[in-house]
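What the sequence shown shows, in our numbering, is residues -7 to 119, in sequence order. Some notes on the structure that comes next.
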Amino acid sequence: MEPSPQRDPAPRPDSPKGAERRRHQRARADWPITVILEDGVHQARIRDVSRGGVSFFLDRPIPEMTALRVQFDVPVDSGVRKIQGVGAVVRCERIARNLEHYEIAVFVQDMALPDRETVDGYVRRTS
């Protein structure tokens, strides 16, 4: 058996980063979000939303790949629509060294199509 080729851990200069890498357009938001984990319910603040996920601020870390439920309201012409989904944490970064708050990004893989379309409509209207 031949040895595996060495892999270069450094990112390639031509690989997309940040917004270029994202599959769905995002929109800034500043709404409450309910995060439901195995240890209970937590309240957080949304940073931005997209058809594929949500980013929020929370006063505790959540490890990457943690499964969770999210619930939040999106403004629509007739008021608000309650959105629910199930996802997994894909990023968790401490905001500042001296502040115990984290920015957490969640890929929402399970969301009703009408909810996903509502989020997408909000993103298109505000971007």
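Heads up, the beta-carbon is just placed ideally off N, CA and C, and yes, glycines get one too.
Burial state of residue i, where buried means 16 or more other Cβ atoms lie within 10 Å
i    : result
A104 : exposed
S47  : buried
V111 : buried
V41  : buried
R116 : exposed
V33  : exposed
Q101 : exposed
T20  : As written in the sequence, residue 20 is Arg, which differs from the Thr given in the question. When all chains shown are included, R20 counts as exposed.
Straight-line Cα distance separating residue j from residue i
i     : j    : result
F99   : L29  : 15 Å
P24   : V62  : 11 Å
S119  : G113 : 10 Å
E(-6) : R52  : Confidence in E(-6) is poor, its pLDDT being 46 and thus under 50, which makes the residue's placement unreliable; the coordinate value appears in the next sentence. The straight-line gap from Cα to Cα measures roughly 45 Å.
R89   : G71  : 39 Å
R37   : D69  : 22 Å
F160  : E56  : Look at the range of the chain in this structure, -7 to 119, and you will see that residue 160 is not part of it.
L60   : L91  : 24 Å
V81   : R18  : 17 Å
I123  : C84  : Nothing can be reported for residue 123, as the shown portion of the chain is limited to -7 through 119.
E109  : R39  : 19 Å
L50   : R73  : 23 Å
Same chain, Cβ closer than 6 Å to residue i, neighbours up to 5 away in sequence not counted
i    : result
R86  : Y94
V78  : R61, D102
D107 : I75
For residue i: DSSP bridge partner residues
i    : result
L91  : A88
R116 : According to DSSP, which records beta bridges pairwise, R116 is partnered with nothing at all.
V100 : G79
Contacts around residue i, its chain only, beta-carbon distance under 7 Å, and the 5 residues preceding and following it disregarded
i   : result
Q35 : P24, T26
Which runs of the beta strand (DSSP E) spanning at least 3 residues fall entirely within the stretch 14 to 75, listed in chain order?
18 to 20, 24 to 29, 32 to 42, 45 to 50, 59 to 68
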